[in-house]
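Asker:
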Amino acid sequence: MQRSLLSRITKPGHGPASWALVLLCAVALAACQLPPPRERTHSSALTAVQARGTPLGVAIEGALATHAGLTGIDPLTNPLEAFASRVDLVRSAQRTLDVQYYIWRNDLTGTLLLEELREAADRGVRVRLLLDDNGIPHSLDGTLAALDAHPNVEVRLFNPFVVRKPKFIGYLTDFSRLNRRMHNKSLTADGIATILGGRNIGDEYFGATDGVVFADLDVLAIGPAATDVAQDFDRYWASAPAWPLHEILPAPPPGGLDALDRAAHAVQDNPAAAAYTATLHEKTDVSRLLDGTLPLEWARTRLVSDDPAKAQGKAAPESLVLSQLHDILGEPERELDLVSPYFVPGEVGTQYFTRLAARGVTVRVLTNSLEATDVLPVHAGYARRRKPLLKSGVELFELRRAAGASAGKEQAPGSFGSSGSSLHAKTFAVDAQRVFVGSLNFDPRSANLNTELGLVIESSVLASRIESAFWTQVPQLAYQVKLAPDGSLYWIRQSGENVIRYDTEPNSRWSTRLAVWFFSILPIEWLL
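The working numbering numbers the first residue of the sequence shown as 27 and each following residue consecutively.
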């Protein structure tokens, strides 16, 4: 494509102005190319044997011996607890921290957690930070470069942008590469305890905003699953798309970390943030883990993770998460309860769910309503599949959006966090026996473009919690979509003893519905 374009521009008859244009295009294209790869430093995760003498290793040694071969699981549904547990996990690390995220905001929670990583490095912990470059703002470049210069910190950027500001220029010159992203999310301490799930690092994921809070789900896992996550991190860390940050960004000026210190102190001294930061001094699930008082669900687990070569379009089909999930889970026999904020089943997925329902399997899906979604094109991709799903007997629920819950407000209990939220959790339960928690959305992007990570947990207790939520909480928090005899859609919600009906998408404007219709007719489903 590039050569044919240049050949057309430079064919005989073009004058000096055309040659100048050719030179300008060549310079621009060169400026957008990644530098030649260099030999990279090798490092690996801590093994379970090496972790035995650490505070985490000592704290869980007895429990692991009692539950040989099993993983200890603790669900983290409350957003404040999810953040405070991450902070405590970083503080508890003695040897290594392996941190992998799709989005890292330059906000209150992002600043505090970066400062915690820096303080861990200061006390001698080796920190490896792997971030998808699409999910970090340009304003963090200087801070990350300064962290990378720390002797105990190494930062790598997955599928990096060469042009830092504005990054979208990269999509114009290298779309096929940059359209593939690393969506994995995990934080692992000393190779023996990890937090993984749906949450990125940003205020909206941890209830630190007065705006809409994402209702999300992580798990704290100790033992074999944490070891698997640590080894998978090694695979991504050493992969070709993971570039050492210093090969992409210029060296930081002296004292580059002073800005991070000032930002962290400003957050801690901000009266508006005082209520939130005060929660970091309360007892967390990680501190309960360390003192032996945390009740855990012990279960067999299987890690599912895409081959990082997927980000280059080179992964074998059997190495992809959806293929692994099918091999592990098999076909549901009784019921499938699925929670996905971005649910775009496409033609193949719609046929799959339709076949399940035709076999008598109860299929229930919870996703975002139009009023709660944060991505209109994704809702359009889902909306065009609603009627065939409903005709087959699939039950569809759409989370309602209410006023966002701030950090100082009480969070509604249960698997899906606050009812004043936009759904972001990614989980499903099969036959009330097995449950998946991770980063995977049921959409073409997760299936074909982005890399994903998650755990399949063989636990009737955890799977039953999701099943129970559909029968108890979901009707109170969501609209149920119905199909009228004339083929039109309507929505119902429970309000106490009353049932309220809507004949158009609830609490939506005509202009928003028009935008959804417009996106639904565009050939973009493969991008969603």
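For glycine and all other residues, C-beta sits at the position ideal for the given N, C-alpha and C.
(1) Y378 to P414, Cα distance in whole Å?
(2) Could you have a look at T530 and say whether DSSP puts it in helix, strand or coil?
(3) Quick check on K508: does DSSP put it in helix, strand or coil?
(4) Please state whether the Cβ-Cβ distance between A290 and L138 is less than 8 Å.
(5) S69: buried (16+ other C-beta within 10 angstroms of its C-beta) or exposed?
(6) What does a CB cutoff of less than 8 Å around A264 pick up in its chain, not counting 5 residues either side in sequence?
(7) Applying the 10 Å Cβ sphere with the 16-neighbour rule, what's the burial state of D512?
(8) If you run the structure through DSSP and keep just helix, strand and coil, what is D94?
(9) Output the distance between the C-alpha atoms of E142 and L488, rounded to the nearest integer angstrom.
(10) Could you check where the beta strand (DSSP E) with L222 kicks off and where it finishes?
(11) Consult DSSP for A247 and reduce its assignment to one of helix, strand or coil.
(12) DSSP three-state label for V188, please.
(13) Alpha carbon to alpha carbon, how far is A495 from A256? Give it in angstroms, no decimals.
(14) Reducing DSSP to helix, strand and coil, say where Q120 ends up.
(15) So is Q59 buried or exposed if we call it buried at 16+ other beta carbons inside 10 Å?
(16) Quick one: which unbroken beta strand (DSSP E) runs of 3-plus residues sit fully inside the segment 290-353? Chain order, please.
(17) Taking A110 and L306 to be in contact with their CB atoms under 8 Å, please state how far apart those CB atoms are, rounded to whole angstroms.
(18) Return the chain-ordered list of same chain residues with a C-beta closer than 8 Å to the C-beta of Q338, the five sequence neighbours on each side being excluded.
(19) Exposed or buried, which one is F194 when buried takes at least 16 other CB atoms within 10 Å?
(20) I195 by DSSP, collapsed to three states: which one?
(21) Mind checking which residues open and close the alpha helix (DSSP H) that includes G414?
(22) Can you look up L475 in the DSSP assignment and give me helix, strand or coil?
(23) Thinking C-beta only, is T122 closer than 8 Å to D216?
(24) Below 7 Å CB to CB, which residues in the same chain sit around Q350 once its five sequence neighbours on both sides are set aside?
(25) Take L396 as the anchor and find which of L286, D317, R539, I99 has the nearest alpha-carbon.
(26) Please determine, among P62, I550, G79, L90, the residue with the shortest C-alpha to C-alpha distance to A251.
Answerer: With the structure as the only source:
(1) Position 352 of the sequence shown, counting from 1, holds the residue named residue 378. Position 388 of the sequence shown, counting from 1, holds the residue named residue 414. For Y378 and P414, the gap between their C-alpha atoms comes out near 12 Å.
(2) Within the sequence shown, the letter at position 504 stands for residue 530. T530 falls in the coil class under three-state DSSP.
(3) Walking along the sequence shown from the start, residue 508 turns up at place 482. Here K508 sits in strand by DSSP.
(4) Mapped onto the sequence shown, residue 290 falls at position 264. Mapped onto the sequence shown, residue 138 falls at position 112. Against a cut-off of 8 Å, the Cβ pair of L138 and A290 comes out as a contact.
(5) Taking the sequence shown and counting its residues from 1, the one referred to as residue 69 is at position 43. With fewer than 16 Cβ atoms within 10 Å of its Cβ, S69 is classed as exposed.
(6) As a working mapping, residue 264 is identified with position 238 in the sequence shown. Closer than 8 Å at the Cβ level, and outside the excluded window around A264, lie R66, H68.
(7) Sequence index remark: in the sequence shown, residue 512 carries index 486 (1-based). D512 should be labelled exposed.
(8) Sequence index remark: in the sequence shown, residue 94 carries index 68 (1-based). It should be noted that the sequence gives Ala, not Asp, for residue 94. Looking at A94 - three-state DSSP - the assignment turns out to be coil, as it is neither helix nor strand.
(9) Walking along the sequence shown from the start, residue 142 turns up at place 116. Walking along the sequence shown from the start, residue 488 turns up at place 462. When rounded, the distance between both Cα atoms is 31 Å.
(10) Translated into the one-based positions of the sequence shown, residue 222 becomes position 196. That run of the beta strand (DSSP E) goes 219-223.
(11) For the purposes of this step, residue 247 is identified with residue 221 of the sequence shown, where counting begins at 1. Reduced to three states, the DSSP call for A247 is strand.
(12) On the sequence shown, position 162 is the one that residue 188 refers to. In the three-state reduction of the DSSP assignment, V188 falls in the coil class.
(13) Looking up residue 256 in the sequence shown gives position 230. Looking up residue 495 in the sequence shown gives position 469. If you take the alpha carbons of A256 and A495, they lie about 31 Å apart.
(14) Here residue 120 is taken as the residue at index 94 of the sequence shown, counted from 1. Of the three classes helix, strand and coil, the one that applies to Q120 here is coil, per DSSP.
(15) By 1-based counting over the sequence shown, the position of residue 59 is 33. With fewer than 16 other Cβ atoms within 10 Å, it is exposed.
(16) Runs of beta strand (DSSP E) with 3 or more residues, each lying fully within the segment 290-353, are found at 323-331, listed in chain order.
(17) For the purposes of this step, residue 110 is identified with residue 84 of the sequence shown, where counting begins at 1. For the purposes of this step, residue 306 is identified with residue 280 of the sequence shown, where counting begins at 1. That belief holds up - the Cβ atoms of A110 and L306 are roughly 5 Å apart, short of 8 Å.
(18) Position 312 of the sequence shown, counted from the first residue, corresponds to residue 338. For Q338, where only same-chain residues beyond five positions count, the Cβ hits under 8 Å are R203, R206, A266, P267.
(19) The residue you call residue 194 lines up with position 168 of the sequence shown. The residue in question, F194, is exposed, as its Cβ has fewer than 16 Cβ neighbours within 10 Å.
(20) Numbered from 1 along the sequence shown, position 169 holds the residue referred to as residue 195. Assignment of I195 by DSSP, reduced to helix, strand and coil, places it in the helix class.
(21) Numbered from 1 along the sequence shown, position 388 holds the residue referred to as residue 414. The residue you asked about is not Gly; residue 414 is Pro in the sequence shown. That run of the alpha helix (DSSP H) goes 412-418.
(22) Start at 1 with the first residue of the sequence shown, and residue 475 comes out as number 449. Helix, per DSSP.
(23) Locating residue 216 in the sequence shown gives position 190, where the first residue counts as 1. Locating residue 122 in the sequence shown gives position 96, where the first residue counts as 1. Here D216 is near T122, since their CB atoms are less than 8 Å apart.
(24) As a first step, residue 350 must be located in the sequence shown, where it is residue number 324. V330, listed in sequence order.
(25) To locate residue 396, count along the sequence shown from 1; it is residue 370. Comparing Cα positions, the closest option is R539.
(26) On the sequence shown, position 225 is the one that residue 251 refers to. Selected option, being the one with the closest Cα: L90.
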